[in-house]
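The working numbering runs 551 ahead of the 1-based position in the sequence shown.
Glycine included, C-beta positions come from ideal geometry on N, C-alpha and C.
This one's a predicted model, so the numbers in the text were calculated from it and none came from an experiment.
Single-structure report; data block below.
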Amino acid sequence: MSRTFRRRSVLLGAAAATAATAAAPASAASSLAERPPRRPAGPLVIGHRGAAGWRPEHTADAYVYAVRSGADWIEPDLVPTKDHVLVVRHENEISTTTDVARRPEFTDRRTTKTVDGRAVTGWFTEDFTLRELRTLHTVERLPQLRNRNTVFDGRGRVMTFQEVVDLARRLSRESGRRITVFPETKHPTYFRSVGLPLEEELIRVIRRNRLTARECVVQSFEPSSLRRVADARLGLPLWQALGTSGGPYGHPATYEEMATPDGLREIAGYADWIGPDKSSLVPPRTLLADAHAAGLKVGAYTFRAENQYLPAAYRRGGAPGDFGDAFAEYAFHYGRGVDAVVTDFPDIAAQARDALRP
């Protein structure tokens, strides 16, 4: 993938990247790896579940594509197996991200559970051993919207957090850049309630690998989870994610209260970052300035290129899956001073950042 390619429009660039990688993944990977190392100038680009816009999320292909197209950090969401190994899935319910629903040997594992106060029906990682999960194949979670990604269905497997750490270190060596892993503890209160605490195993993996502040940043929506990690005195940055309604499960404050100047000062007592929805940073909201005043960095989520996820002013074409003017949205948030963006399309985010350079 050449530098000329990196300057093309989002539609042509996205189509070329997908076609080239599908047709000749080895040569594409080789050309991407030949780019000279560079340090990010401007906001950090965080590959959301890898490069979820171009590959099934949380697969090795998604993480590799993210880094080779410009991501500085890669995000694995952590959930446990029955034998208490941390694996990488956006949710512990895996019927939309694996082929488990089509596997007759696991039909009897389908069940309904209450997770964070909500009834969920399906198949759950905590009911499978790691060995059993290894027999499943990954699939695209949004096949109607991202039909192009279904060509990769069945090609990946469920990864462990340790494997993501190993992959990030290999990609750091290959790229000449330090690639940071950005794990999120998913439903930590729920998992503590069923005897599978996430923090205990996360801390163990971090210590075993001697991960430094440049190699790992831990995030969660639940302050109690971050405080448990902070108590371990690992010396790692912590990221408090903020939702758009309600509040963290089991926490007395709402997200709205946490985003006030007083709430932000409290967050700054245990975390280094906040991660709000990008819509929370649009004027007249003052969250970005208030967070910076409290000494917090701000990483906005989740940037995507499809119309369905873009503000109305940036939409192009008539279908939800049509690509809109994602570059304009990045330019808006970069210009306001965000410190990072969490994105399904790290290549587009990196190209938009390149445009800021003189």
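In the structure shown, G794 falls within a coil segment according to DSSP collapsed to helix, strand and coil. In the displayed model, Y852 falls within a strand according to three-state DSSP. Non-local beta-carbon contacts of L753 in its own chain, meaning distances under 8 Å to residues more than five positions away in sequence, involve L629, L637, F712, P734, T736, V769 and V780 in chain order. Per the coordinates, the alpha-carbon of G705 lies some 35 Å from the alpha-carbon of S830. Listed in chain order, the non-local C-beta contacts of P748 below 7 Å within the same chain comprise F742, local neighbours out to five positions each way being set aside. In the DSSP annotation of this structure, the continuous segment of the alpha helix (DSSP H) that includes D612 starts and ends at A611 to R619. For N858, the CB contacts under 6 Å within the same chain, skipping 5 residues up- and downstream, are R866, P871, D873 and G875 in chain order.
Inter-segment contact for the region 658-673 and the region 607-614 is absent: fewer than three beta-carbon pairs are separated by less than 8 Å. When only Cα atoms are considered, R606 and N700 end up about 5 Å apart. With a cutoff of 8 Å on beta-carbon distance, D717 and L681 are scored as not near each other.
In this structure, the CA atom of A851 is about 17 Å from the CA atom of G604. Bridge pairing for T672: T663 [DSSP]. Judged by DSSP in its simplified three-state form, D828 adopts strand. Q770: member of the beta strand (DSSP E) spanning V769 to S771, first to last residue. When the Cα atoms are used, V671 and I645 turn out to be separated by approximately 11 Å. Counting along the chain, A781 sits inside no beta strand (DSSP E); it lies in the alpha helix (DSSP H) bounded by residues P774 to D782. Cα atoms of L787 and G869: separation of roughly 44 Å, rounded to the nearest angstrom.
If you look at P897, you'll find it in the alpha helix (DSSP H) that goes P897 to D905. Counted as a single uninterrupted DSSP element, the stretch harbouring G886 is not any beta strand (DSSP E) but the alpha helix (DSSP H) occupying residues A877 to R887.
Spanning the alpha carbons of E807 and E642 requires a straight line of approximately 24 Å. The straight-line gap separating the alpha-carbon atoms of W824 and I597 is approximately 14 Å. For the 8 Å CB-CB criterion, P739 and E766 do not form a contact.
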